[in-house]
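Chains as they are written, first to last, in our numbering: chain H, 3 to 310; chain Y, 3 to 310.
Number of protein chains: 2
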Amino acid sequence: MILALTGGTGGAKLVKGLAAEIDPADLTIICNTADDAIFHGLHVSPDIDTIVYTLAGLNDEEKGWGMAGESFVGLEQLRRLGEEVWFKLGDKDLATHILRTDLLRQGLTLSEATRRIRSALGIQSEILPMSDDRIESRIVTANGEISFQEYFVRERWAPEVKRVFFAGVDQSKPASRVLQAIANAAGIVICPSNPITSIGPILAVPGIRQALREARGKIVAVSPIIARAAISGPAHTLMGTHGLEPSVRGVAKAYADLLDVLIVGREDQSLQSEIEKLGVKPVSADIRMNSLADKRRLARQVLALLSK
Amino acid sequence: MILALTGGTGGAKLVKGLAAEIDPADLTIICNTADDAIFHGLHVSPDIDTIVYTLAGLNDEEKGWGMAGESFVGLEQLRRLGEEVWFKLGDKDLATHILRTDLLRQGLTLSEATRRIRSALGIQSEILPMSDDRIESRIVTANGEISFQEYFVRERWAPEVKRVFFAGVDQSKPASRVLQAIANAAGIVICPSNPITSIGPILAVPGIRQALREARGKIVAVSPIIARAAISGPAHTLMGTHGLEPSVRGVAKAYADLLDVLIVGREDQSLQSEIEKLGVKPVSADIRMNSLADKRRLARQVLALLSK
Numbered sequence: 003m004i005l006a007l008t009g010g011t012g013g014a015k016l017v018k019g020l021a022a023e024i025d026p027a028d029l030t031i032i033c034n035t036a037d038d039a040i041f042h043g044l045h046v047s048p049d050i051d052t053i054v055y056t057l058a059g060l061n062d063e064e065k066g067w068g069m070a071g072e073s074f075v076g077l078e079q080l081r082r083l084g085e086e087v088w089f090k091l092g093d094k095d096l097a098t099h100i101l102r103t104d105l106l107r108q109g110l111t112l113s114e115a116t117r118r119i120r121s122a123l124g125i126q127s128e129i130l131p132m133s134d135d136r137i138e139s140r141i142v143t144a145n146g147e148i149s150f151q152e153y154f155v156r157e158r159w160a161p162e163v164k165r166v167f168f169a170g171v172d173q174s175k176p177a178s179r180v181l182q183a184i185a186n187a188a189g190i191v192i193c194p195s196n197p198i199t200s201i202g203p204i205l206a207v208p209g210i211r212q213a214l215r216e217a218r219g220k221i222v223a224v225s226p227i228i229a230r231a232a233i234s235g236p237a238h239t240l241m242g243t244h245g246l247e248p249s250v251r252g253v254a255k256a257y258a259d260l261l262d263v264l265i266v267g268r269e270d271q272s273l274q275s276e277i278e279k280l281g282v283k284p285v286s287a288d289i290r291m292n293s294l295a296d297k298r299r300l301a302r303q304v305l306a307l308l309s310k
Numbered sequence: 003m004i005l006a007l008t009g010g011t012g013g014a015k016l017v018k019g020l021a022a023e024i025d026p027a028d029l030t031i032i033c034n035t036a037d038d039a040i041f042h043g044l045h046v047s048p049d050i051d052t053i054v055y056t057l058a059g060l061n062d063e064e065k066g067w068g069m070a071g072e073s074f075v076g077l078e079q080l081r082r083l084g085e086e087v088w089f090k091l092g093d094k095d096l097a098t099h100i101l102r103t104d105l106l107r108q109g110l111t112l113s114e115a116t117r118r119i120r121s122a123l124g125i126q127s128e129i130l131p132m133s134d135d136r137i138e139s140r141i142v143t144a145n146g147e148i149s150f151q152e153y154f155v156r157e158r159w160a161p162e163v164k165r166v167f168f169a170g171v172d173q174s175k176p177a178s179r180v181l182q183a184i185a186n187a188a189g190i191v192i193c194p195s196n197p198i199t200s201i202g203p204i205l206a207v208p209g210i211r212q213a214l215r216e217a218r219g220k221i222v223a224v225s226p227i228i229a230r231a232a233i234s235g236p237a238h239t240l241m242g243t244h245g246l247e248p249s250v251r252g253v254a255k256a257y258a259d260l261l262d263v264l265i266v267g268r269e270d271q272s273l274q275s276e277i278e279k280l281g282v283k284p285v286s287a288d289i290r291m292n293s294l295a296d297k298r299r300l301a302r303q304v305l306a307l308l309s310k
């Protein structure tokens, strides 16, 4: 079994490639849930949903979030009813959140709700939230503390960030099959997701980082940073708040205690010796994933490194 | 202030006429909530919604339920996710239920949630649920007990009904402004709604029937039955279960203790003396409401009788 740790957009591209290159039933995914938020009383799990929609072939490739061919009739009516609607929930997407919220209220865990949703959509890969407990990325800006979605979507990551912390993480436990999946994995991929707000919360759940250090499978990460800028999103601006250089060296440092190999872009070949100094083996590749062919090629490279 | 007691479809037509004939701010409506149901974890109040959509001019005139120009994208996705979707919730309609459910969960009463929704849509008439407590019409058939929506929508009122009862009604209280509205009304209209499952639950809430008996305003009802058949829905078949003849005489008997005038169809003129025997004044009129002109004409007749 191959295990992938991921956030949303960037990570989903590699997950798509992995699911195409191996039997999807042999792929397990651990998703960040610290971006989860309640909108209009509905529990939204953006990273889980991005992975679910991607593996079900329902995702909007162009926008990079949500489902393809979405309409926004319900959201427009919510606006008319006086609700703030800056988080764009489409009509199909709303169905996911309605069902998830209902299942959670019936007493199911987020893991169980996720299993029900991905199974209904015919996804064979196991998708595990990092935790069934509520953990929330909080972004401390000059103008006060906001949620990740407020920072990322509403404010379009414009505010200067002073600090990021994960509310609730110290009291949280890994979801039931997470530690087992880490221990049993033949190989582990850290996807090209934000090291602070996507992979960071996963590693911050008590027990997960230690389990990764002790994992028998090799651990390979793909850098979300090329030449000091994130491929998408605010990873590079957030890394500084955790004392990390916004570069592949910063990525290597974030994961150095558990990482075997870091795949970096060809643009960052000059930094390979810096990565080696951290005890991580650098490998350069073309890590931009636009087409399905790109995703599959990079997935093959990752799988080859894991089996070495 | 004119007060209307109503269920959904038939009653909404008269309510529409009343709101067009008087200042809508002078109209208060008490709605049945015993048809309320939870679908996919969302609180649906079909009769309140029909009144809200009708007064906001958003209702689907042809179908007689829901909103005009609806799409069903979210519902189709819920079906795909494995949910039973026999209750047709449109995308715009879902927004109402999402907001209501959120407001109720925040601790608002159904009255407060309804006020928020109708105000957002610019409705000036006050719309009160009969009660803020959960009351549920239960339909006992040969094959067991089902909810009203299961009977009415899923089973298309095909099963033979042995008994109807209102679960929770004995412990319920009228919503906060209901008794005051009854006491203060210059005139009260019982709309042409099902006497058993629409008006019946309103009258069964402890205190409401007595308040109507003591009301200073005249009480005029419009029959939902013409020539032994309901204008729409299963009123005539349900009346028998409460020992009421499925006719205008049965309607008069259902309300005899509190009613001044019953408006019946011209087809039922022959039964007028029977109605008089019950102490109710019969008035015949054309009570079918197809066009807005029909609704306004009947509303004018009702208003004239109330002010006599």
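Backbone N, C-alpha and C fix where the C-beta goes; we use that ideal spot for every residue, glycine too.
Point to revise | Minimum Cβ-Cβ distance from H/D311 to chain Y less than 7 Å | key: Outside the displayed span of chain H (3 to 310) sits residue 311 of chain H, for which this structure offers no information.
Check your understanding: In three-state DSSP terms, what is Y/A70?
Key -> coil
Exercise for review: Just mark Y/G10 as buried or exposed, buried being the case when its beta carbon has 16 or more other beta carbons within 10 Å.
Suggested key: Y/G10 comes out buried.
Review point. Does the beta carbon of H/D93 sit closer than 7 Å to a beta carbon anywhere in chain Y?
Key: Output row for H/D93: interface = yes.
Review point. What three-state label does DSSP hand Y/F89 in the structure shown?
Key: Of the three classes helix, strand and coil, the one that applies to Y/F89 here is coil, per DSSP.
Review point. Using 8 Å as the Cβ pair cut-off and three pairs as the minimum, do the segment 27-47 of chain Y and the segment 87-107 of chain H touch?
Key: A contact is defined here as three or more CB-CB pairs under 8 Å, and the segment 27-47 of chain Y meets this definition with respect to the segment 87-107 of chain H.
Point to revise | Proximal chain Y residues relative to H/E85, where beta-carbon distance stays under 7 Å | key: L101
Review point. Do Y/S225 and Y/V250 have their CB atoms nearer than 7 Å?
Key: Closer than 7 Å, so yes.
Point to revise | DSSP beta-bridge partners of H/G267 | key: H/A287
Point to revise | Limits of the unbroken alpha helix (DSSP H) element including Y/H238 | key: A237 to M241
Review point. Considering only the beta carbon of each residue, do H/A97 and H/L106 sit closer than 7 Å?
Key: no
Practice item. Verify the CB distance criterion: does Y/S133 have a CB-CB separation below 7 Å to chain H? Key: For Y/S133, the answer is no, since every Cβ of chain H falls outside 7 Å of its Cβ.
Practice item. Tell me whether Y/G189 is buried or exposed, calling it buried when 16 or more other Cβ atoms sit within 10 Å of its Cβ. Key: buried
Check your understanding: So, Y/S2 versus Y/G12, is the Cβ gap smaller than 7 Å?
Key -> Residue numbering for chain Y in the displayed model covers 3 to 310; residue 2 of chain Y lies beyond these limits and cannot be assessed.
Exercise for review: Kindly list, in the order they appear in chain Y, the residues whose Cβ is closer than 7 Å to that of H/G76.
Suggested key: G76, D93, K94, L96 and A97
Check your understanding: Just to confirm, does Y/E114 get its C-beta within under 6 Å of one of the non-hydrogen atoms of the ligand ADP?
Key -> Questions concerning the ligand ADP fall outside what the structure shown contains, since it holds no ligand whatsoever.
Check your understanding: Are the C-beta atoms of Y/G170 and some chain H residue less than 7 Å apart?
Key -> no
Check your understanding: At which residue ranges does the segment 73-155 of chain H contain complete beta strand (DSSP E) runs of 3 or more residues, listed in the order of the chain?
Key -> If we require 3 residues or more, the beta strand (DSSP E) runs fully inside the segment 73-155 of chain H come out as 128-131, 138-143 and 146-149.
Practice item. With distances taken Cα to Cα, identify the nearest neighbour of Y/R165 among Y/L246, Y/G59 and Y/V75. Key: Y/L246
Practice item. Note the first and the last residue of the continuous beta strand (DSSP E) segment covering Y/I313. Key: The structure shown does not extend to residue 313 of chain Y, since chain Y is modelled only from 3 to 310, so the question has no answer here.
Check your understanding: Of all the residues that make up the segment 20-44 of chain H, which are near chain C by a beta-carbon distance shorter than 8 Å?
Key -> In the structure shown, chain C does not exist; the protein chains are H and Y.
Check your understanding: Does any CB atom of chain H fall closer than 7 Å to the CB of Y/A122?
Key -> yes
Review point. In chain order, what residues of the same chain have a beta carbon less than 8 Å from the beta carbon of Y/S149, not counting five sequence neighbours either side?
Key: A39, E138, S139, R140 and I141
Review point. Around the C-beta of Y/E72, are 16 or more other C-beta atoms found within 10 angstroms, so that it is buried, or is it exposed?
Key: buried
Check your understanding: Does the segment 108-127 of chain H come within contact of the segment 48-60 of chain H, defined as at least 3 CB pairs closer than 8 Å?
Key -> yes
Practice item. Pull up the distance between the alpha-carbon of Y/R136 and that of H/R290, whole angstroms please. Key: 56 Å
Review point. So which residues of chain Y does H/R136 contact, with C-beta pairs closer than 9 Å?
Key: What H/R136 touches in chain Y: nothing, since even the nearest Cβ is about 16 Å away.
Check your understanding: Taking contact to mean at least 3 C-beta pairs separated by less than 8 Å, is the segment 22-29 of chain Y in contact with the segment 65-83 of chain Y?
Key -> no
Point to revise | Supposed close pair H/D93, Y/V75 - CB separation, criterion 8 Å | key: 4 Å
Practice item. Go ahead and label Y/A14 buried or exposed: buried means 16 or more other beta carbons lie within 10 angstroms of its beta carbon, across all protein chains shown. Key: Buried, by the Cβ-count rule.
Exercise for review: Put H/K310 into one of helix, strand or coil per three-state DSSP.
Suggested key: coil
Review point. Mapping DSSP to helix, strand and coil, what is H/H45?
Key: Taken through DSSP and simplified to helix, strand or coil, H/H45 comes out as strand.
Point to revise | Segment limits, beta strand (DSSP E) that includes H/I204 | key: Note, H/I204: premise wrong, no beta strand (DSSP E); alpha helix (DSSP H) at I201 to A206.
Point to revise | Cβ of Y/S234 within 7 Å of any chain H Cβ | key: Cβ-Cβ to chain H under 7 Å: no for Y/S234.
Review point. Is there at least one Cβ from chain H nearer than 7 Å to Y/S73's Cβ?
Key: yes
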